[in-house]
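Down below is the structure, laid out as structure tokens.
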Amino acid sequence: MIVCWSLKGGSGTTVVSAALALTLAQRNTATVRIVDLAGDIPSALGIAEPSGEGVTNWLQQQQPSPIQSLQIPVTARVSLVPRGDGPLMHYDLTTEHCNTLATELDTSNELTVVDAGSGHIPQLINNAATSLLVIRPCYLALRKAAHLSVKPHGIVLINEPGRSLGKRDVESVVGAPVLVELPLDPTIARCVDAGLLASRIPTMLSQHLAHVA
């Protein structure tokens with residue numbers, strides 16, 4: 107299980123999560139599922155908003171069925187577990203909820219990428235085979251990073267031109283290595299805006315994410 111998360115909105119976590127799942131599917135024979143806890147994956151992939159149940163509904167069940175029952179196809183080898191109805195922010199989740207979800211996802215043999223958004227869910231991060239903090243070299247984000255109680259395995263750094271902070275500053279504050287540096291490329295934004303990410307992932311994006319796929 108790979109968990110992608112951030113410390114503030116607008117960091118790029120959803121696009122990184124979606125692109126990482128697509129890259130994994132390109133590089134492996136196994137199927138890959140994306141678990142959407144932020145609710146933005148359908149828009150990023152350019153697919154219709156799911157009308158059925160999702161993670162929020164699953165967590166409310168007294169005896170939940172396997173979470174695989176929620177999966178909907180995105181491509182031939184990528185599926186989506188949608189967020190479901192209602193909010194799913196970190197402050198709405200009890201410790202029991204988090205543990206239940208983390209255990210369910212961790213025990214599956216299927217390749218799983220979780221878009222945790224800016225919800226800091228320690229149980230998921232701790233159970234992840236790989237946890238990736240998606241961050242920009244932003245002073246406000248690094249202020250939050252300095253007080254993290256849970257450290258990521260690695261960092262996906264979204265490089266923005268004109269920033270005075272760089273890779274070494276981010277690694278020093280977070281206490282984890284930068285595994286991927288992604289330039290802020292308008293090609294990626296245009297691809298997402300056009301709803302083409304699932305069918306035509308930019309080569310540059312998949313090549314960079316191949317380092318953690």
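For the sequence shown, my numbering assigns the number 107 to the initial residue and increments by one for each residue that follows.
Beta carbons are placed, not taken as given, at the ideal position from N, Cα and C, and that holds for glycine.
So what does N215 bridge to, in DSSP terms? In DSSP, N215 forms no bridge with anything.
Straight-line Cα distance separating A182 from V286: 27 Å
Can you give me the C-alpha to C-alpha distance between V122 and V262, rounded to a whole angstrom? 8 Å
Whose C-alpha, out of Q177, A316, L311 and S278, is nearest the C-alpha of E216? Q177
Indicate the three-state DSSP secondary structure (helix, strand or coil) for S255 in the structure shown. coil
Cα separation between Y197 and T309? Below a pLDDT of 50, predicted positions are generally treated as unreliable, and Y197, at 44, falls in that range; no measurement from the model is reported.
Are the beta-carbon atoms of C204 and L230 separated by less than 8 Å? yes
Hey, how far is the Cα of E202 from the Cα of Q167? 13 Å
Could you tell me the alpha carbon to alpha carbon distance between A127 and S112, rounded to whole angstroms? 17 Å
Beta-carbon contacts of V184 that lie in its chain and below 8 Å, excluding the five residues immediately before and after: A127, L128, A131, T137, V138, R139, I140 and A304
Indicate the three-state DSSP secondary structure (helix, strand or coil) for T120 in the structure shown. helix
Please say whether L288 and I264 have beta carbons closer to each other than 8 Å? yes
Express the C-alpha separation of Q169 and L290 in angstroms, rounding to a whole number. 44 Å
Let me know the secondary structure DSSP gives S148 once reduced to three states. It is Pro, not Ser, that sits at residue 148 in the sequence shown. Three-state DSSP puts P148 in a helix.
Spell out the partners DSSP gives C110 in its beta bridges. D221 and L238
With C-beta atoms as the reference, is R133 less than 8 Å away from A319? yes
Rounded to whole angstroms, what is the Cα-Cα separation between A208 and K114? 22 Å
Local conformation of R274 per DSSP, three classes: helix
Answer with buried or exposed for P258, where buried requires no fewer than 16 other C-beta atoms within 10 angstroms of its C-beta. buried
Could you tell me whether the Cβ atoms of P243 and D275 are closer together than 8 Å? yes
On the criterion of 16 or more Cβ atoms from any shown chain inside 10 Å, does D142 qualify as buried, or is it exposed? buried
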